[in-house]
Amino acid sequence: MRIAIDASPAAKKPRTGTEFYTLHLILALAELDAANEYTLFLNDEVPEEFAALPSNFLPQRIPQRWLWAQTRLARELRRYRPDVFFAPANVIPFLHPPRCVATIHDVAFHYFPECYSPFVRWYLEATTRFALRRALKVIAVSRATKEDLVQIYHGEASRIEVIHSGVAASREEPPSADEIASILNREGITPPYLLYVGRLEAKKNVARIVQAFLRLKERGIPHKLVLGGSPGVGFAEIKALVGASPFVQDIISTGYVGEEKNCLYAGADVFVFPSLYEGFGFPILESFRYGTPVVTSDTSSLPEVAGDAALLVDPFDVEEIAEAAWKVIHDQKLRVRLKERGYQRLREFDWRATAADVLRVLEEAGSGGGE
């Protein structure tokens with residue numbers, strides 16, 4: 328079977344949710360499937376991680392920036408004529424092959440339109456609706472996302488399959504004490520600290536993380552707050568809040584964090600992630616990998632991902648966020664329990680299992696199933 332994939336998200340940096348998903352899913356498919364022929368279409372440099380792909384995975388670079396999926400990719404797909412086309416980041420070309428599968432990660436643009444430019448918001452709305460109409464099968468990365476697609480966009484439930492994303496390994500040995508110390512020293516971080524990793528923006532609820540931290544400082548905790556991520560929409564409010572705080576010297580913003588984030592996770596006492604909305608929530612699983620207890624929201628997909636391995640809070644209640652972090656800091660038995668449950672929870676999210684389910688869907692679609 329000839330399978331075409333829009334691999335362009337994997338080439339984008341910095342990598343966040345959809346980029347991370349595309350890269351690791353392709354790598355997992357390559358470990359799993361030696362029978363089918365894959366063409367990986369990219370509009371940028373081929374990721375270095377693709378250098379070791381087997382011979383049945385062929386990266387195809389077609390440079391173009393603006394509306395690449397709707398122009399150059401669409402033209403190449405008409406020429407290539409795959410048995411099935413897979414869009415890992417929801418965008419199916421309007422002039423598309425007859426058999427398509429798309430992954431839809433979230434509908435954040437619906438809940439937080441102010442975080443997107445008018446054109447981007449329109450484009451995401453249009454491509455999401457189009458994928459729901461035209462794809463033989465839509466993959467939702469969580470039950471919460473499927474529910475949004477059915478309730479908000481009237482997607483056909485029988486054509487939407489939930490396949491959870493994965494993590495790079497079921498459990499990873501933590502970095503050494505020397506490695507952690509080196510990264511913390513470079514970033515100017517002195518333990519103990521609370522950690523947040525993600526874009527610094529309003530929809531991630533960073534302002535309430537800062538407010539909860541200030542309440543904890545007033546209660547006497549010795550910790551710092553480390554914010555690991557690039558500025559996003561609403562960053563000015565966050566910056567002003569931090570700047571006006573009497574504890575400004577205890578709040579450290581590292582900017583975007585790449586591979587060094589494993590040391591940040593491993594060195595943290597608590598990972599605080601009370602996001603207002605997530606289609607999946609990779610950072611929770613990343614924290615589980617390094618045995619760091621998690622405080623997260625009781626909304627969207629986050630309870631689905633966290634299970635019983637995190638403390639769930641109302642993301643709009645600053646006091647509840649602060650109290651949950653306080654419990655984790657001061658209750659050693661709770662910390663140990665959350666750590667062990669986190670390791671157990673990781674077993675539910677394996678890229679190999681994700682790839683096997685995605686491959687099944689692609690093969691069914693490519694052979695005419697679901698038509």
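Position in the sequence shown counted from 1, then plus 327, gives you the working numbering.
Backbone N, C-alpha and C fix where the C-beta goes; we use that ideal spot for every residue, glycine too.
Check: Which class does D596 belong to by DSSP, given the choice of helix, strand or coil?
Finding: For the purposes of this step, residue 596 is identified with residue 269 of the sequence shown, where counting begins at 1. Three-state DSSP puts D596 in coil, outside helix and strand.
Next item on the list: Identify whether R498 lies in helix, strand or coil by the three-state DSSP scheme.
Entry: As a working note, residue 498 is residue 171 in the sequence shown. Residue placement at R498 is poorly supported in this model, since its pLDDT is 44, which falls under 50; the coordinates still yield a value, given next. Coil.
Check: Using the C-alpha atoms, what's the distance from P409 back to D641?
Finding: For the purposes of this step, residue 641 is taken as residue 314 along the sequence shown, with counting starting at 1. For the purposes of this step, residue 409 is taken as residue 82 along the sequence shown, with counting starting at 1. Answer to the nearest angstrom: the Cα atoms are 46 Å apart.
Notebook entry, point to check: Between W678 and H351, is the Cβ-Cβ spacing less than 8 Å?
Noted result: What you label residue 678 is simply residue 351 of the sequence shown in a count that begins at 1. What you label residue 351 is simply residue 24 of the sequence shown in a count that begins at 1. A contact, by the Cβ cut-off of 8 Å.
Next item on the list: Starting from the N-terminal side, write out each stretch of the beta strand (DSSP E) that is 3 residues or longer and does not extend beyond the segment 338-407.
Entry: 364-369 and 384-388
Notebook entry, point to check: Can the beta-carbon of V428 be found less than 8 Å from the beta-carbon of L689?
Noted result: Position 101 of the sequence shown, counting from 1, holds the residue named residue 428. Position 362 of the sequence shown, counting from 1, holds the residue named residue 689. Yes, these two residues count as a Cβ contact at 8 Å.
Next item on the list: Rounded to whole angstroms, what's the CA-CA distance from A357 to T366? Just pull it up for me.
Entry: For the purposes of this step, residue 357 is identified with residue 30 of the sequence shown, where counting begins at 1. For the purposes of this step, residue 366 is identified with residue 39 of the sequence shown, where counting begins at 1. Using only the alpha carbons, I get a separation of about 12 Å.
Next item on the list: Since I believe I431 is in contact with T472 (beta carbons under 8 Å), could you give me their beta-carbon distance rounded to a whole number of angstroms?
Entry: Within the sequence shown, numbered from 1, the residue matching residue 472 stands at position 145. Within the sequence shown, numbered from 1, the residue matching residue 431 stands at position 104. With a Cβ gap of about 6 Å, T472 and I431 count as contacting.
Next item on the list: Report the rounded CA-to-CA distance for K666 versus S572, giving the unit in angstroms.
Entry: As a position in the sequence shown, residue 666 is number 339, starting the count at 1. As a position in the sequence shown, residue 572 is number 245, starting the count at 1. Taking the straight line joining both Cα atoms gives about 32 Å.
Next item on the list: At 3 residues or longer, and completely inside the segment 444-476: list those beta strand (DSSP E) runs for me, N to C.
Entry: 464-467
Notebook entry, point to check: By DSSP, does L603 sit in helix, in strand, or in coil?
Noted result: One-based indexing of the sequence shown puts residue 603 at position 276. Of the three classes helix, strand and coil, the one that applies to L603 here is coil, per DSSP.
Next item on the list: Figure out for me which residue from R664, V597, L639 and E364 has the closest Cα to the Cα of S382.
Entry: In the sequence shown, the residue the question calls residue 382 occupies position 55. Taking only the C-alpha atoms, the option nearest S382 is E364.
Notebook entry, point to check: With which residues is R329 paired in a DSSP beta bridge?
Noted result: Against the sequence shown, residue 329 aligns to sequence position 2. Bridge partners of R329: E364.
Next item on the list: Measuring alpha carbon to alpha carbon, tell me which of S469, K530 and R460 ends up nearest S628.
Entry: Counted from its first residue, the sequence shown places residue 628 at position 301. Checking every option, the nearest Cα to that of S628 belongs to S469.
Next item on the list: Have a look at V560, F598 and G559 and flag the residue whose alpha-carbon is nearest the alpha-carbon of L552.
Entry: Here the question's residue 552 lines up with position 225 in the sequence shown. That would be F598, whose Cα lies nearest to the Cα of L552.
Checklist line | Classification of A334 by the beta-carbon crowding that lies within 10 angstroms, buried from 16 upward | finding: Start at 1 with the first residue of the sequence shown, and residue 334 comes out as number 7. It counts as buried.
Checklist line | Span separating the alpha-carbon of S497 from that of L522 | finding: Taking the first residue of the sequence shown as 1, we reach residue 497 at position 170. Taking the first residue of the sequence shown as 1, we reach residue 522 at position 195. Interpretation of S497 is limited by its pLDDT of 41, a score under 50 that renders its predicted location unreliable; the figure taken from the coordinates is listed afterwards. Between the alpha carbons of S497 and L522 lies a distance of about 22 Å.
Note to self: Nearest by alpha-carbon distance to C540: which of A593, V465, F574 and E441 is it?
What the structure shows: Start at 1 with the first residue of the sequence shown, and residue 540 comes out as number 213. In the sequence under discussion, the amino acid at residue 540 is Phe, which differs from the Cys named in the question. For the residues A593, V465, F574 and E441, the minimum Cα distance to F540 belongs to F574.
Notebook entry, point to check: What are the start and end residues of the beta strand (DSSP E) that includes T430?
Noted result: Start at 1 with the first residue of the sequence shown, and residue 430 comes out as number 103. Per DSSP, T430 belongs to the beta strand (DSSP E) from C427 to I431.
Item checked: Contacts around P341, its chain only, beta-carbon distance under 6 Å, and the 5 residues preceding and following it disregarded -> What you label residue 341 is simply residue 14 of the sequence shown in a count that begins at 1. For P341, where only same-chain residues beyond five positions count, the Cβ hits under 6 Å are Y583.
Note to self: If the criterion is Cβ atoms closer than 8 Å, does the pair V533 and G555 meet it?
What the structure shows: Here the question's residue 533 lines up with position 206 in the sequence shown. Here the question's residue 555 lines up with position 228 in the sequence shown. Cβ distance not < 8 Å, so V533 and G555 don't count as in contact.
Notebook entry, point to check: For G561, which of I578, R535 and P445 has the nearest alpha-carbon?
Noted result: Numbered from its first residue, the sequence shown carries residue 561 at position 234. When only C-alpha atoms are compared, the closest one is R535.
Check: Buried or exposed: E346, going by 16 or more other Cβ atoms within 10 Å of its Cβ?
Finding: On the sequence shown, residue 346 is found 19 positions in, with the first residue counted as 1. Label assigned to E346: buried.
Note to self: For P601 and K531, I'd like the C-alpha separation in whole angstroms.
What the structure shows: Position 274 of the sequence shown holds residue 601. Position 204 of the sequence shown holds residue 531. Taking the straight line from one Cα to the other gives about 7 Å.
Notebook entry, point to check: Is DSSP giving E667 helix, strand or coil here?
Noted result: Translated into the one-based positions of the sequence shown, residue 667 becomes position 340. DSSP places E667 within a helical segment (H, G or I) once states are collapsed to three.
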